[in-house]
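First the structure, in the form of structure tokens, and then the observations on it.
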Amino acid sequence: MTLLARFGVTAPGWLWLLPLALLPLVATAQRRVPVPSLALVPADGLSRLVDAVLTLAGMAAIGFLVLALAGPRLAGESVARTGEGAQVSLLIDRSGSMNETFAGRQPSGAEESKAAASRRILEAFVGRRAHDLVAVSAFSTSPMAVLPMTDRHEAVRAAIRAIDRPGLEATNVARGLGLALSQFGPGAPQASRVLLLVSDGAAVIDRRVQPLLREEFTKIHPTLYWLFLRTAGSPGLADRPAGEDSPQAAPERHLDLFFKSLGVPYRAFEAENAQAVDEAIREIDRLERKPIAFVERRPQRDLSGLAYGLAALALGLLVAGKLAETDLAGRRPASREAAPGSAQTTRRAA
Amino acid sequence: MSPDIVYRLRGPAAGPGPGAHRARDTGGLGTFRDQVPFWRHPDARRIDLRATLRDPFEGTVVRRFEQSRALEVWTLVDVSASMRFRGEGEAWALVTELCTALARSATRIGDAFGLVACGARAETLVPASRRRGTVEAVADALAAVVPGGASAAGLAQAAAGLSGRRKLVVAISDFRVPAPVLAGLFEALQGHDVVPVAIEDGALDAGLPAFGLIELEDLEGGGRRRVLMRPSLRARWLAREAERREALRRLALRHGRPPYRLAGRFDGDDFSRHLLGTAA
Chain R
4 MTLLARFGVT APGWLWLLPL ALLPLVATAQ RRVPVPSLAL VPADGLSRLV DAVLTLAGMA
64 AIGFLVLALA GPRLAGESVA RTGEGAQVSL LIDRSGSMNE TFAGRQPSGA EESKAAASRR
124 ILEAFVGRRA HDLVAVSAFS TSPMAVLPMT DRHEAVRAAI RAIDRPGLEA TNVARGLGLA
184 LSQFGPGAPQ ASRVLLLVSD GAAVIDRRVQ PLLREEFTKI HPTLYWLFLR TAGSPGLADR
244 PAGEDSPQAA PERHLDLFFK SLGVPYRAFE AENAQAVDEA IREIDRLERK PIAFVERRPQ
304 RDLSGLAYGL AALALGLLVA GKLAETDLAG RRPASREAAP GSAQTTRRAA
Chain D
899 MSPDIVYRLR GPAAGPGPGA HRARDTGGLG TFRDQVPFWR HPDARRIDLR ATLRDPFEGT
959 VVRRFEQSRA LEVWTLVDVS ASMRFRGEGE AWALVTELCT ALARSATRIG DAFGLVACGA
1019 RAETLVPASR RRGTVEAVAD ALAAVVPGGA SAAGLAQAAA GLSGRRKLVV AISDFRVPAP
1079 VLAGLFEALQ GHDVVPVAIE DGALDAGLPA FGLIELEDLE GGGRRRVLMR PSLRARWLAR
1139 EAERREALRR LALRHGRPPY RLAGRFDGDD FSRHLLGTAA
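Going down the list, the sequences are from chains R and D. Take the first sequence: its letters are residues 4 to 353, numbered as in this note's numbering. Take the second sequence: its letters are residues 899 to 1178, numbered as in this note's numbering.
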């Protein structure tokens, strides 16, 4: 849409006054000094320029004032643009253990909880990537849709800032994943899609839910990153449990296996401290850089301030012109007394 | 009341009757001029006895005397709108003052005074007359005139009405007229003694401001123009005015007298000095 097509006014009735802007062509605020003939004035380019500028300033002052009264605005619009980024669906664990430090304790003093560290690092991640569409979901016992897919990074950062609030109890990965997948809208199929799961533990995914999830993953085909915030001393993704190797005994390992079997690009990061989290995020940042088409929404803009400003500028010029005004030296004010007066004296003389 | 204006015609006067100006006519009264043989001026009352006796050829010698004549003084007044200009002086007031002073002076010594207003066409306001009341007629006529109109072409036409004997013609204008009108004026007044009086104003030359924005309006309807005064423009303006004045002076001198510059205030004595000084 061109700029002109988007332009509009709130009160078009005022625009009937616009012809008044032609007034400076015929009238002037300067004092007019009559001279016998303009032929006696030498041609002067600078004077012509000043004249043109002052006349235009007069027209602009009236024109912009009228326009400002009418309330000019630029209508909002949606612009399709291409940038570098991805659709990122953040899925964040809000279970109670996230409030502990990487050492598995309540944070004290300068220590940072896992939630605070991931909040800090995710915030920086979102800030670095200007064109990403980001959705935020959280899960504990049940999933929470925090923020739909959006390019409003202020909102995204606000959503991320909220994740270090004290978490809830359990960890229900399966429903969280379902919600995070549903955050990818139907749009922009060619964009790269990233599902970033941040959690410090795992849970068993019900065998009945597994096919559904598998189907969803196949349909949407996101790149899956699992940022596993590993508490010191807890089993890693590759550690086989000593006893029975069942999903109940080693949920992390079996979730990892489940992800690997999905057939989507998948990578897991095991982070045992804040620095490792940071490195993992940087890695993701580096990997997910593909062209993405996104829609930028521009809000309606009120232009009356601009119009008033321009009018004020023009008025300033006019005032400067008025202040610089001068007159012929010793010019007498108009009076018609002289002629009859001298006639009187001659009559007396005669 | 300004003093009488003293004037003299360039060359001999040829007025309609006896008056106050030297003329080529000779007669039996007036200033002694020369002695001629009796056959050239057979006036037995003016025989110069001593000269006749002294003449070795025994001729008879007669004295001749200069007959002074009256004049017609005509004033051609530019009544275009530019004469409404008010600067340091008031152009129309100056014109009125000069005309009434001249009319009074002329009628006092028996000369006739006439007034022609020249706008787009010439109009005789006061026919030439020696009557004492001419001054009032002139003052009333000038008071009734409101200068207007863009053209002063009447200046050149007015001359056509001034045929006949040699007259003193005072042309009062600001002479900001097209060159053909100016040339036509002097051409048409060839036979007369023309005194150009240029109405000027100090406000339009020495009194010009050095700085500032000034919006000028042409009195003759030539539009308006904003001018940003600054020393360089002022210098150009003055140079241009001086050039115009010089051109007028050269044209006028070719036809007789240089123009008289009337600016600010009318000084009758000064005008007299000009009239006498340029009459030779």
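Think of the CB as a built atom: it goes at the ideal place given N, C-alpha and C, for glycine as much as any other residue.
Any C-beta of chain D sitting closer than 8 Å to the C-beta of Pro39/R?
Chain D, which has a Cβ nearer than 8 Å to the Cβ of Pro39/R, makes this yes.
Three CB pairs or more closer than 8 Å across the region 15-27 of chain R and the region 56-65 of chain R
Counting Cβ pairs under 8 Å, three or more are found: they touch.
CB contact below 8 Å: Pro1157/D versus chain R
Residue-level contact by beta carbon fails for Pro1157/D and chain R, as no gap is shorter than 8 Å.
Cβ contact check for the region 70-88 of chain R and the region 294-310 of chain R: 3 or more pairs under 8 Å:
Yes, they touch.
Let me know the beta strand (DSSP E) ranges lying completely inside the region 83-141 of chain R, each 3 residues or longer, listed in chain order.
Correct list: 90-96.
Of all the options Asp54/R, Glu218/R, Glu275/R, which has the alpha carbon lying nearest to the alpha carbon of Glu103/R?
Closest option to Glu103/R, Cα to Cα, is Glu275/R.
Residues bridged to Ala148/R by DSSP?
Partner(s): Ser140/R.
Just checking, does the region 1113-1130 of chain D make contact with the region 1098-1105 of chain D on the three C-beta pairs under 8 Å criterion?
Because the criterion of three Cβ pairs below 8 Å is not met, the region 1113-1130 of chain D and the region 1098-1105 of chain D do not touch.
In or out: Phe1109/D buried (at least 16 other Cβ within 10 Å) or exposed?
It is exposed - the Cβ of Phe1109/D has fewer than 16 other Cβ atoms within 10 Å.
So, is the C-beta of Phe983/D closer than 8 Å to a C-beta in chain R?
By this cut-off, Phe983/D is an interface position.
Going by other Cβ atoms of all chains shown within 10 Å of its Cβ, with 16 needed for buried, is Gln109/R buried or exposed?
Exposed, because fewer than 16 other Cβ atoms sit within 10 Å of the Cβ of Gln109/R.
Along the alpha helix (DSSP H) that carries Glu291/R, what are the first and last residues, could you check?
Membership of Glu291/R in any alpha helix (DSSP H) is not indicated, and neither H nor E is assigned to it by DSSP.
Let me know if Glu157/R comes out buried or exposed under the rule of 16 or more other beta-carbons within 10 Å of its beta-carbon.
Burial is judged here by how many other beta carbons sit within 10 angstroms of a residue's own beta carbon; Glu157/R has fewer than 16 and is exposed.
For Ile1097/D, report the span of its beta strand (DSSP E) as first-last.
Unbroken beta strand (DSSP E) run through Ile1097/D: 1091-1098.
Give the residues of chain D in contact with Val322/R, contact being defined as C-beta atoms less than 7 Å apart.
What Val322/R touches in chain D: nothing, since even the nearest Cβ is about 12 Å away.
Where are the alpha helix (DSSP H) runs, 4 residues long or more, that stay fully inside the region 1117-1156 of chain D, in chain order?
Whole alpha helix (DSSP H) segments, 4+ residues: 1129-1152.
Closer than 8 Å, Cβ to Cβ, to anything on chain R: give me those residues from the region 934-953 of chain D, in chain order.
Residues: none.
Which residues, in order along the region 302-332 of chain R, keep a beta-carbon less than 8 Å from a beta-carbon of chain D?
For the region 302-332 of chain R, the beta-carbon criterion of a distance under 8 Å to any beta-carbon of chain D is satisfied by Gly324, Ala327, Glu328, Thr329, Asp330, Leu331, Ala332.
Interfacial residues, the region 963-980 of chain D to chain R, with Cβ spacing under 8 Å
Within the region 963-980 of chain D, the residues whose Cβ lies closer than 8 Å to any Cβ of chain R are, in chain order, Ser980.
With a Cβ-Cβ cutoff of 8 Å, do Leu1106/D and Arg1132/D count as a contact?
In this structure, Arg1132/D lies closer than 8 Å to Leu1106/D by Cβ.
So, for Gly1047/D: in the same chain, excluding its five sequence neighbours on each side, which residues have a beta-carbon less than 7 Å away from its beta-carbon?
Excluding residues within five positions, the ones whose Cβ falls inside 7 Å are Ser978, Ala979, Gly1017, Ala1018.
Take the Cβ of Leu215/R as the centre, count every other Cβ of all protein chains shown within 10 Å, and call the residue buried at 16 or more, exposed below.
Classified as exposed, Leu215/R has fewer than 16 neighbouring CB atoms from the shown chains inside 10 Å of its CB.
Exposure label - Asp167/R; buried when at least 16 CB within 10 Å
The residue in question, Asp167/R, is buried, as its Cβ has 16 or more Cβ neighbours within 10 Å.
May I have the straight-line CA-CA distance separating Arg931/D from Asp923/D, to the nearest angstrom?
Their backbone Cα atoms lie some 10 Å apart in a straight line.
Excluding the 5 residues preceding and the 5 following Gln933/D in the sequence, name in chain order all residues of the same chain whose CB lies nearer than 8 Å to its CB.
The answer, listed in chain order, is Asp946, Ala949, Val959, Val960, Arg961, Arg962.
Please state whether DSSP places Arg1159/D in a helix, a strand or coil.
The answer is strand: DSSP assigns Arg1159/D an E or B state.
For Gln1088/D, count neighbouring C-beta atoms within 10 Å of its own C-beta (all shown protein chains included) and say buried if the count is 16 or more, exposed if not.
Gln1088/D should be labelled exposed.
Of all the beta strand (DSSP E) runs that stay within the bounds of the region 914-962 of chain D, which reach a length of 3 or more residues?
Secondary structure remark: continuous beta strand (DSSP E) runs of at least 3 residues inside the region 914-962 of chain D, in chain order: 916-919, 929-935.
Thinking Ala1058/D and Ala1086/D are a contact (beta carbons under 8 Å), I'd like their distance in whole angstroms, please.
That pair is a contact at about 6 Å.
State the start and end residues of the unbroken alpha helix (DSSP H) segment that holds Glu218/R.
First-last of the alpha helix (DSSP H) with Glu218/R: 213-223.
Using a Cβ-Cβ distance cut-off of 8 Å, determine whether Glu1144/D contacts chain R.
Not one chain R Cβ lies under 8 Å of Glu1144/D.
Close Cβ partners of Leu200/R (< 6 Å) along its chain, the five nearest in sequence each way excluded
Within the same chain, Leu200/R has close Cβ partners Leu94, Trp229.
Using a C-beta cutoff of 8 Å, does Ala1004/D count as contacting chain R?
So no, Ala1004/D is outside the interface.
Just confirm the distance between the C-beta atoms of Ala73/R and Thr13/R, as a whole number of angstroms; I'd bet it's less than 8 Å.
About 7 Å separates the beta carbon of Ala73/R from that of Thr13/R, a gap short enough to meet the 8 Å contact definition.
Closest to Pro1094/D by CA distance: which of Arg1147/D, Thr1005/D, Asp1103/D is it?
Considering only alpha carbons, the answer is Arg1147/D.
Sort out for me which residues DSSP pairs Tyr269/R with in a bridge.
Residue pairing by DSSP places Tyr269/R opposite Leu227/R in a beta bridge.
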